[in-house]
Structures are given as structure tokens and as C-alpha cells.
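Written below as C-alpha cells is the structure these notes are about.
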Amino acid sequence: MRVQGIPASPGISLGPAFLYVPESLPIPRATLPPEAATAEWTRLEAALALAHAQIAALRDVVAWRTSPEEAAIFDAHLLMLHDEELLADIRRFIYDHHLPAEAAVADAIAAVHAQLLAIEDEYLRARAGDMQDIGQRVIACLMGKPVHLLSALAEPSIIVARDLLPSDTAALDPAKALGLVIELGGPTAHTAILARQMGIPAVVAAPAITTQVADALQAGFPMLVVDGEKGIVEVNPTTEQLAHYTALREHHVRAHATIAATALQPSLSADGFYVPVVANIGQPRDLTQIAPGSVPGVGLFRTEFLFLERNSPPTEAEQVAAYATVGRFFADGEIIIRTLDIGGDKLLPYLPMHHEENPFLGVRGLRLCLTEQFLPLFRSQLRAILRAATQGFHFKVMFPMVNNAEELRQARAVADEVARALDAEGVAASAALARLPFGAMIETPAAALNVDLLATAADFFSIGTNDLTQYILAIDRMNPFMARHYTPFAPPVLRAIYTAITAAHANGKKIGMCGEMASDRRAVPLLLGLGLDELSVAPHAIGEIKHVIRQQTLPATSEIMRQAYRLDTAEAVVTLLESHLRASEPLARHD
Ligand code: PEP
Ligand code: MG
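Numbering-wise (this note's numbering), the sequence shown opens with residue 0 and increments by one.
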């Protein structure tokens, strides 16, 4: 069965489905009449049989993918599932306490769980988690709902979810997460960006995928194919489809390896112009995705990810260490550190925020950092950046969600104040601050129309097309129903980009792009034609974007830009760009 979604992270992957249902199931507890007990027990027996079948299948899949040793844990689960004492407890709760089977299982498991936790032996204590896992599985089977925890991803799987928080995605182990299929969201939701960053093929806005997979799970363990290039998900593919996608995956891996192998070549156009390509990162660990020497620096360090995957804010020292790690990796290159961009779809678990009807239009990014509640966090980040900057790295600071010059002046004033405080503590922060360029993201229509005025308070600019597209088109970047229309190739977005670049250059300022558009190979000729100064791209796209740059001549890109500018639909722009790429791009792709 085929589901058509939106491609969100390239690559093809095949594997068993793992349905992620984060909310815990409400357990029915109403006391039942004594005569209902036998029917409850029969229901329980059926659920135990289904749970047994699921665990046995899981064991076989893990044994097939890894080794029988890895799979042995599921044999232990099967033994625990049929443990006589456990079953006697459940029976007692059903027959003597007149509880529904779900509540009987929950209470019996809770008791065993507590006993196991109290045991000295570390191995047995560790079985407490397995007990809970089994309990949840049986309860889910009783209720006809498959339930899993993302953290319990035991085997390499394709994760299917209605939605995932960026922090869920960031916590994924790329070795276990073979692919991601999300029912909601759009291609520039942060979950999709992270998937690209981690090299996990992903499809978003896949209609009703969770229901389809839930149904398939009732019958066994469905296999999925995720085509992150075309946005296709195949549930339980046929043998022919499997063969087709296996061949496609091999082709993709080979093409990717060819391009990656050329990532170290300079990003010179065919007629010899240097077009700087730098990287987008969210964590120091993303540096492992970047071949040393392939890019000279970072055009967007999304620092909020240092703050997201945890239950309390990072200390100043932890932040200094993170900034310095990136600084050391690019000892001679420039690193644009974007200050905290919290809000929208990026929420901190440890700092309560007001519910907002339209959070992307609300208190997010720099606006949030300048509120009284967030100023301490903002100050701590600026302190950490300044302290790391005293080690001599070439940092630049960039603010997100800027609308006007006044916000920039306020942010700079906080940096000045923080530097003075650090000076008093004996850190030469004001000297470091004097060397630090300050920039603004151009990601709101206000900013794009205002670049000449922002230029009075900013040293450089970077266009964030992910947000700019949603605000120019009035299409929420997370909205699955509008995802097909959310595209930076739409003529109004191209006009906003053109306006911003022209105004920046007229005011003597450099302007790059760090939105996902810069990582889209189709956009490259257009962006060169528009005269963009720098492309900051996701690590996985470095080789490909440099490869496309090397096929272009600047006069040809100016001509493409002029032609694209006259077209009145995004589809026509994309068709033009694709045919231009086909003409200039020797490496065949599967589309
Ligand atoms: C953007 O909006 O294009 C951008 C780079 O910022 P983010 O995706 O983190 O919102
Ligand atoms: Mg943004």
C-alpha cells in the first residue's frame, strides 16, 4: 500500500515499522460485576497470545538484522510474559478485586516492578524496565492499540509517528532510526531539518500513515520502504517493489559516495568564481558529518539544540565548551553562532512558556530572548560566546526573528552589558566583543523589506528561507495540508530574496542564506544568479551543492535568474531549474 507524503530528507530506507505513540493509554478502572471476570480472563488470554506473537516476531527480526545474542532479550521477555506468579496476580485482581483486565495487568506489573527495583542485584534490577515494557505491550494489545516508547527502540526500525518533537528527533540514535515517517509537519519543520542533519531518510505530511501502520501492526510486523527523494512510503511492499527499492538504494548510495568523494574540491564555478559554501549545524556532534576541509566554516549554528535535549539549561561552562569545540574544528574559518531561537516548534521543557494561538507569529527567537523571563538565559549564552571568543576563534553572532533595527540595538546592548560584567571578572570580553561581527537573519517579511534600515545596526545578513517562506506565503511551515504549497520557489518568496540581497549590497553588507533552500540543488543556479554571497548548507548536502556550483557559469546563472523571475508559479520555476540542472549536471539521478 502506497502513501504519498512530502520528501523531507533524502535517501531510501527499508525496515520494520516502529509506531511511536507518545501518550500513555488511559487505563479503565471501573469495578466490574463478578460474573464479568471470566470474560475478562478470556480477553487477557487473547491479548497474551498477541503479545507473544509480537515479541517472537521482534526477536526474529532482531536476530535477522543483528545477531541471536542481541535477540536473546526477547526470549527473556517471553518467559516473563508467561511467568506463573505474574499471571496468578493478574488473575487475583480480576476475580477477587473485579478489575478490568487492563487495570489488573497494570497493578500486577507495578507490584513486580517495585519488587525488582528493590533488589540489590544490578542485572535483576535492570529487568524492571523490561517488566514495564511487557506490561505496556499487553495493555496495548488488550486495548487494540500498539504502544511503544521511542527510547525503547530496540532494533533498527523506521519510526512512524503522528508528530515528533525536535528533542525526540535529536535524541534518536541514527544507527537505530533507519527512517522517519511523520503524519504531520512540513519539510522545514525542525524534525525534518534534524533528520537531514543526521542523514536519516524522511517523509513528512504522510496522510493517515499512523492508522495504516497501526492496522498493519495488528496483523504482524509491517515492513516499510521510505523514499525520502519522492516522499513515498510503501507499507508492506511486494517482492517486486522491494527489489526495485533495494536497487534504487544501492544506486543512491553509489551516487552519494561519488558526490561525497568530491566534497573536498573547491566550490569554484565552471568559469572560476569562488562561491563560499559553509555548513549548518545544531550540535558539536554534527561536525562528525562534515569531512574536514570540505567547508571553511559554519554559516548557521542553531544553538538552541544545546538547550533542547535536556531537563535543565546547559551551564555557561558547557556552552563555552560547545562553542570552543566548533571553533577548534574550524580553526581558521568563521563560525556564525545564532543566538537562541526558542519558540515556534522549539520549546524548552524546563522554562514554562505561555500557550500562544499562533506561536510562529508570537514571542519567539530574539523577541523571546529580550523578555524579562528569558533575559537571564540570553545573558548566559552571550557570556559563554564571549568567553569562548576570547580564545581567538573567528565567531560571528547572529540574531533570529529580527523585524527591526531597534531589536538589534537592544540585543547589542545586552552583549555590551554582559561584556562589561565579564571584564570586571577579569575576562577580556570587551576586546573580544569589539572583534565580533553582529548579524541579523532575514526571515520575516518586515526584515526582507527593511534591510537598508537594519544595515545601520547589523554587520551582515543571512536569509532564513524556512521562516521567510511561511511568513511571505502565509503558510505555516508545519501545516501538512498546505505543505505542497509551502515552497521557497514561489515567485513572492523569490522577490523577497531578491529585494533583500539588492538592499544588502546597496548598503555594503554581505548576505548569505542558511535556510534549507540553500541545501536544495535546484536552487543553486538561481541563488548564484541572484548574487548571494554565501550558501550555508546541511552537512549531507555539502558535496552535492559544491558539485552543482562547479557545473555553473555565472553568466548562465544570471540568465536563469532572469527567466525564473518572469515565471508566475513555483512549479514553472522548479521545471525551469530542473531542466537547467539536467543540462548541466552529468550525474544521473533516479528521478
Ligand atoms: C530559517 O528560518 O530559514 C532558519 C534557518 O531558521 P530555523 O529553520 O532554525 O527557523
Ligand atoms: Mg528561522
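All C-beta atoms, glycine included, are put in the ideal place defined by N, C-alpha and C.
All of these numbers come straight from a predicted model, not from anything done at the bench.
Suppose you measure from the CA of residue i to the CA of residue j; what does that come to, to the nearest Å?
| i | j | result |
| --- | --- | --- |
| F92 | G143 | 21 Å |
| V146 | T486 | Below a pLDDT of 50, predicted positions are generally treated as unreliable, and V146, at 48, falls in that range; the measurement from the model is reported next regardless. Approximately 35 Å between the Cα atoms of the pair. |
| T168 | L80 | 31 Å |
| M0 | R327 | 49 Å |
| L47 | A56 | 14 Å |
| E101 | A107 | 10 Å |
| A259 | E83 | 56 Å |
| P479 | L115 | 44 Å |
| T190 | A201 | 9 Å |
| A38 | T287 | 56 Å |
| L148 | H484 | With a pLDDT of 49 at L148, under the threshold of 50, the modelled position of that residue is not reliable, and the figure given next carries that caveat. Straight-line Cα distance between these residues: approximately 33 Å. |
| Q372 | H353 | 11 Å |
| D74 | R520 | 48 Å |
| H255 | R248 | 10 Å |
| L350 | T574 | 45 Å |
| A537 | R382 | 27 Å |
| A139 | L347 | 30 Å |
| A555 | A323 | 41 Å |
| N402 | A431 | 27 Å |
| R161 | Y19 | 8 Å |
| V619 | D88 | Look at the range of the chain in this structure, 0 to 590, and you will see that residue 619 is not part of it. |
| A113 | A127 | 8 Å |
At which residues does the beta strand (DSSP E) containing residue i begin and terminate?
| i | result |
| --- | --- |
| Y19 | 11 to 19 |
| F92 | Looking at the DSSP string, F92 is not in any beta strand (DSSP E); the run it does join, the alpha helix (DSSP H), is 83 to 94. |
| D201 | Residue identity differs from the one stated: residue 201 is Ala in this sequence, not Asp. Segment 201 to 203, the beta strand (DSSP E) holding A201. |
| F300 | 297 to 301 |
| V276 | 276 to 280 |
Where does residue i land, buried or exposed, given buried means 16+ other C-beta within 10 angstroms?
| i | result |
| --- | --- |
| M440 | buried |
| D270 | exposed |
| R433 | One detail in the question is off: residue 433 reads as Ala in this sequence, not Arg. By the 10 Å Cβ count, A433 comes out exposed. |
| Q217 | exposed |
| P291 | exposed |
| V252 | exposed |
| L576 | buried |
| H606 | This structure gives no information on residue 606, because the portion of the chain shown stretches from 0 to 590. |
| Y273 | exposed |
| T187 | buried |
| T338 | buried |
| S268 | buried |
| N449 | buried |
| E182 | buried |
| Q53 | buried |
| A16 | buried |
| I5 | buried |
| P275 | buried |
| N591 | Here the chain comprises residues numbered 0 to 590, so residue 591 is not present and cannot be evaluated. |
Taking DSSP's pairing of strands, which residues face residue i in a bridge?
| i | result |
| --- | --- |
| K395 | I335 |
| I510 | F460 |
| V159 | L18, V180 |
| K345 | G342 |
| L438 | In the sequence as presented, Leu is not what sits at residue 438; that position holds Gly. Note: G438 sits in a beta bridge opposite M397, F459. |
| A226 | Reading the sequence as shown, one finds Asp at residue 226 and not Ala. D226 is bridged to I11, I231. |
| Y273 | L267 |
| P647 | In the structure displayed, the chain extends from 0 to 590; residue 647 sits before or after that span and is not available. |
Output the boundary residues of the alpha helix (DSSP H) element that contains residue i.
| i | result |
| --- | --- |
| Q3 | Taken as a continuous stretch (DSSP letters only), Q3 belongs to no alpha helix (DSSP H), being part of the beta strand (DSSP E) at 1 to 3. |
| N465 | 464 to 472 |
| A262 | Run containing A262: none; DSSP gives neither H nor E here. |
| E533 | Element bounds for E533: not the alpha helix (DSSP H) but the beta strand (DSSP E), 533 to 536. |
| E233 | Per DSSP, E233 belongs to no alpha helix (DSSP H); it is in the beta strand (DSSP E), 231 to 234. |
| Q372 | Unbroken run through Q372: none, as it is neither H nor E. |
| G528 | 523 to 528 |
| A557 | It should be pointed out that residue 557 corresponds to Ser in this sequence rather than to Ala. Counting along the chain, the alpha helix (DSSP H) containing S557 begins and ends at 553 to 565. |
| R411 | 404 to 423 |
| Q114 | 100 to 117 |
| Q318 | 315 to 328 |
| T501 | 490 to 505 |
| V450 | 450 to 453 |
message: I'd like to know if the segment 310 to 326 and the segment 357 to 364 are in contact, where contact means that at least 3 CB-CB pairs between them fall below 8 Å.
response: no
**OP:** Determine, using beta-carbon pairs with one atom in the segment 466 to 480 and one in the segment 432 to 447, whether at least three such pairs fall under 8 Å.
**Re:** yes
With a threshold of 8 Å, are at least 3 pairs of Cβ atoms found where one atom belongs to the segment 517 to 532 and the other to the segment 554 to 567? yes
**Message:** So, does the segment 25 to 33 touch the segment 195 to 212, judging by three or more C-beta pairs under 8 Å?
**Reply:** no
| message | Could you check whether the segment 36 to 44 touches the segment 220 to 234, counting it as contact only if at least three pairs of C-beta atoms, one from each stretch, sit closer than 8 Å? | response | no
- Take every Cβ of the segment 365 to 384, pair it with every Cβ of the segment 410 to 426, and state whether three or more of those distances are shorter than 8 Å. yes
ask   = Is the segment 443 to 459 in contact with the segment 292 to 303, if contact means three or more CB pairs nearer than 8 Å?
value = no
Evaluate contact between the segment 446 to 458 and the segment 528 to 539, counting only Cβ atoms and requiring at least three cross-stretch pairs below 8 Å. no
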